[in-house]
Amino acid sequence: MNLKISRSLGVVAVLYFTANFSAQTKVKDTVPKEKAIEEVVLVGYGSVKKQNLTSAASVVKADAFDNRPLYNVGQAMQGQAAGVSVVQASGKPGANIDIKIRGNNSISSSVTPLYVIDGIQTNDISGINTDDIVDMTILKDASSTAIYGINGSSGVVIITTKRGKIGKPQLNFNAYWGFSKAMKNIDVLNQDQYKSLLADIKLNGGGDYLSTANNPRYAGINTDWTKEVFQTGFDQNYNINYSFGNENIKAYAALGYQDIDGIIKPSRFQRTSAKLNLDAVILPWLKLNSSVNYFLTNLTNTNDNLSTARGGVVLSAFNTPNFLPVYGNQVILNPADPEIYDQTTGAIKDGYKPGQFAPNPYQSSWENPVAYQSRKDKTLTQRFLSNLGLEVRLFKDLTWKPAISFDMIDSRNTKFTDGFQTSYGRSKFGIGSQEFNTFQEYNFENTLNYTLKRSVHDFSLLGGLQINERNFQSNYYSGDNFPEGTFNFNYDLAKNQGYDIRKEILRQVSFFGRALYTFNGKYTLMGVFRENANSALAPGNKWGFFPGLSASWLISKENFLAESKLISELKLRGGWGKTGNASAIPAYSHFNLYNPFWNNGVPVYVNSQSDSGDLTWETTTDTNVGLDLGVLDNRIRLSVDAYQRKTDNLVSQIRMGTYDFLIYRNMGSLENKGLELALNTINFKNQNFTWNTSFNISFAKNKITEISSFLKTIPAATVEGMGSLVRFEEGQPLGMFYGYQTSGVNPANGDLMYVNASGNVVEYKDLKPEDRRYIGNPNPDFTFGFTNNFKLKNWYLDMLITGSVGNDIFNATKFDLEMMNDYKNQSTTVLDRWTTAGQITDVPRAYSPSAQFISDRFIENGSYLKLKAVTLGYNFTNPFKGVSKLNVYLTGQNIFTITNYSGMDPEVNAFSPNNGTTGAERAVFGIDYGTYPQVRTFIIGLKANF
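Each residue of the sequence shown is one higher than the last, beginning at 3 in our numbering.
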């Protein structure tokens, strides 16, 4: 269900919460007061009391997401924290999630946050089971992330997982089952409407496609390709964990299995996870802690974010003419038809044999979507993630913590198209590849922590050393021309073979520290630093220094507010810091590299990378000021943060020459500014009923403040046959869409009219490249999340609403669905096309050259409000012998979306960094190009404690 939205949506939400905020001043709490538990917040290499926190941080607890069907940790953060943008760029099972903390602060570098999972640092959260998570602390400003140096520029997410506790052993079992459907479909032309379009195309000077569509061999065929391609998906998830503990040893063990069968075959995601957390007191002065994780994932891919011509299943489902059948032998097999039978031998031709997909009579390489679905593309990944640490109390106030962690990811991707079923496969006699990737990361850390508490003084000092090494190796095998009857990739059987191997080693060493001082529980000062070295950089540029300084003033503890019945907490915070980013810098940036180019079996080595010895890392300088307010015994809590981030020495990847000769340069600066608000209220609370509300909203702006004279502009997001959709330029926000401005359809001839650089309306023939301009902005004015939690005795109801306002989407899907320039089926939008002189419409005539330009006709308002999740559940106490608690719940996810966007879902990013994009395309977002749609999911689940 898609409804309409206006850009004033967020204003309405803000006004609602302003009213709600005011209403709380008269609410009384009828529940007896409990003894307050002092809250602590995790920071880099430690924790602080929440009341003494000096930096910008948000905490997301497991009860905010533990009843939802999630396969990725990123999904759990969506809508839960101000300043954290989470976009599920594809509805495909197992697809990676785009997570940005306070927006994009780079063009070519990765802006993925650093994750610290039980002390293990990684940028990859794939495979992590959300059922094992206790909470996530999101560090957003450099005053707290500077201690992580070149790993902390995009924010840090500290993930705490479940551990054993002292007390009775616990055995828990969780499971859910559910189904999913596409949230929305795109209506395409029926057969009569399609043939009418083909007639118009021919009338306007295009090809004669209609005679093929009327060929008797297709008589009586009317295929609904969306029914052939889309299906009902199925979700299932099982988790069991056991924990125990005493004064000397505590342990937590868990085993999980998840299986998501997608709505488009053959997409599927399967994951098996195993976890063991161990804490032990070996001696009174010596403790041990360990975390061991194993993940096995099996991902079956369906190609999306591709045009029909390139094998995109989604667009092919809409584009493929409905007079074509799925299989070739479903046409009328007339022996006199020379397209089907060899008129000399009488043998049936390829494409019409049983088991072969029907060929496209217009262009055999453009196959039907079911044929595309038959292509095998599977990835099997094993991951071992572990750490081992000691806590040695050297003296009463001095602790030494040595730790080692290890992360190994071993993946195997296999692609194969057999030489029998499809036209493409037959043309290659079978074609495929197999890629083996191995990633290993070793991390050694030593920290010394000194604490001193005397009277009104609370002081701690931390110093540390970290050594890190990352090893990556890729072995890629490809081949075609396989023996007849080969249906799986076997490199040794291919007549034409290719092989490529790549190895990288990246090393880092750093020294870091933190000093934290609180006076009288009211005034807190924190300083952090990291001295970082990276082997990717040339001698002389390897080292960098990243400091951070922050302070807070707990005003509510001052005498003039200490007795206030209204204000429970009032605190001012401020911080400044620097972080670095080296992710866009290749491991051997200061070397000239050569790649083999094969010429008749003989390798010819060509220069692929120039020595970039003067390259240095990107540096982000961050300033943050914040206010925390608690009212009526913290029944109402408000946090406000304003920040400014400036990134200098932006790294750019420049491609030169025929062989993609690469040059890396520091080429400019970027600025981000923003305002974040988070409001949490206890609206009602007594012994039988509670109602809590959380609301967060984030306003953000960015601008490229400098681009070097070498590069005036940077084009990106190239679509074959159309050109670049995005341009980066000094003075402009990131990711701006670039093209021509239209001025409606000329009623006289049906051609689109355009506005030139002088502001005059001109025909398409008079357009010049300099007439292009910025036509859309993918950056939202603000994003928000809204959560309500209701509990009535044993019943509970949780709701999550997310939204984005003010962002544009480039609907490149219309390239294939509204161009009307060939034989592809089109959306029903083209029913409004111009056909008669004097007709007023915004859709040009069929086969109009004026429509073949990148223009604002593809720009749409991408604002939306989405009911992301609703859960209704009931808690049973001691329902059966041996079962202490039982929770049964129903959850719906992606229930409905209110939007003006005409595509399948406004939450898209065809050029997601997780889709393998490089260079400036990493900063491209807001483009829809045949993206696998989001799904509406309903599950029933249970949780049992024994």
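Where is the CB? At the ideal position from N, CA and C, for every residue including glycine.
### Message
Under 8 angstroms: do the region 342 to 357 and the region 277 to 296 share three or more Cβ pairs, one atom per stretch?
### Response
no
### Query
Per DSSP, what kind of secondary structure is Trp-545 in: helix, strand or coil?
strand
### Message
For a test of the three-state rule: what should DSSP assign to Asn-153, helix, strand or coil?
### Response
helix
### Distance between Ile-242 and Pro-935 (C-alpha atoms, nearest Å)
31 angstroms
#### Entry: Cutoff 6 angstroms; reference Phe-712; Cβ partners in own chain excluding five residues on either side
none
#### Entry: Gln-384 in three-state terms, based on DSSP
strand
### Beta carbon of Gln-358 nearer than 8 angstroms to that of Gln-423
yes
### Query
Are there three or more Cβ pairs, one per stretch, closer than 8 angstroms when the region 212 to 231 is compared with the region 103 to 121?
no
### Query
Leaving out the 5 sequence neighbours to the left and right, which residues in its chain are closer than 7 angstroms to Gly-582 when beta-carbon positions are compared?
Gly-151, Ile-152, Ser-155, Asn-534, Gly-546, Phe-548, Trp-619, Glu-620, Thr-621
### Task
Return the CA-CA distance between Lys-462 and Gln-77, expressed in angstroms with no decimal places.
The identity of residue 462 in the sequence shown is Ser, whereas the question assumes Lys. So the alpha carbons of these two residues sit roughly 35 angstroms apart.
### Message
Please give me, in chain order, every unbroken run of the alpha helix (DSSP H) with length at least 4 that falls completely inside the region 88 to 152.
### Response
144 to 147
### Query
Which value, in whole angstroms, describes the spacing of the CA atoms of Gly-928 and Ile-811?
5 angstroms
### Query
With DSSP run on the structure shown, which of helix, strand or coil describes Pro-717?
strand
### Residues of its chain near Ser-512, where Cβ-Cβ distance is below 7 angstroms and the 5 sequence neighbours each way are ignored
Gly-151, Gln-468, Arg-532, Glu-533, Asn-534, Ala-535
### Task
Could you give the DSSP three-state label for Trp-179: helix, strand or coil?
strand
### Task
Name, in chain order, the residues that DSSP records as bridge partners for Trp-578.
Leu-551, Thr-625
### Task
Report yes if the C-beta distance between Asn-81 and Gly-787 is below 8 angstroms; otherwise report no.
Checking the displayed sequence, the identity of residue 81 turns out to be Gly instead of Asn. Result yes, Cβ atoms of Gly-81 and Gly-787 sit closer than 8 angstroms.
### Query
Which residues does DSSP pair with Lys-403 in a beta bridge?
Thr-449
### Task
With a 10 Å radius around its C-beta and 16 neighbouring C-beta atoms as the bar for buried, classify Thr-124 as buried or exposed.
buried
#### Entry: Rounded C-alpha distance that separates Gln-499 from Ser-413
21 angstroms
### Query
From Glu-437 to Thr-893, what does the alpha carbon distance come to, in whole angstroms?
38 angstroms
### Query
Which runs of the alpha helix (DSSP H) fall wholly inside the region 828 to 857 and span at least 4 residues, in chain order?
none
### Task
Give the DSSP-derived three-state secondary structure of Gln-689 in the structure shown.
coil
### Query
Rounded to a whole number of angstroms, what is the C-alpha to C-alpha distance between Val-283 and Val-62?
30 angstroms
### Cα-Cα separation, Ser-614 to Ile-709
18 angstroms
### Task
Specify the secondary structure class of Lys-398 as computed by DSSP and reduced to three states.
coil
### Query
Under three-state DSSP, which class holds Gln-365?
coil
### Query
Shortest alpha-carbon distance to Gly-264 belongs to which of Ala-184, Pro-846, Arg-729, Lys-277?
Ala-184
### Task
Using a threshold of 8 angstroms, state whether the C-beta atoms of Ser-552 and Met-528 are closer than that.
yes
### Residues of its chain near Ser-435, where Cβ-Cβ distance is below 6 angstroms and the 5 sequence neighbours each way are ignored
Lys-417, Ser-480
### Proximity test, Thr-623 beta-carbon vs the ligand NAD heavy atom, cut-off 7 angstroms
Absence of the ligand NAD from the depicted structure is noted, as is the absence of any ligand whatsoever, leaving it without description.
### Message
Taking contact to mean 3 or more Cβ pairs, one atom from each stretch, closer than 8 angstroms, check whether the region 311 to 327 and the region 336 to 345 are in contact.
### Response
no
#### Entry: DSSP state of Asn-248 mapped onto helix, strand, coil
coil
### Message
With three or more C-beta pairs closer than 8 angstroms as the rule, is the region 736 to 749 touching the region 856 to 863?
### Response
yes
#### Entry: Lys-505, buried or exposed, once every other Cβ within 10 Å from all chains shown has been counted against 16
exposed
#### Entry: Spatially closest choice to Glu-678 from Val-43, Glu-41, Tyr-478, Ala-58, by CA coordinates
Ala-58
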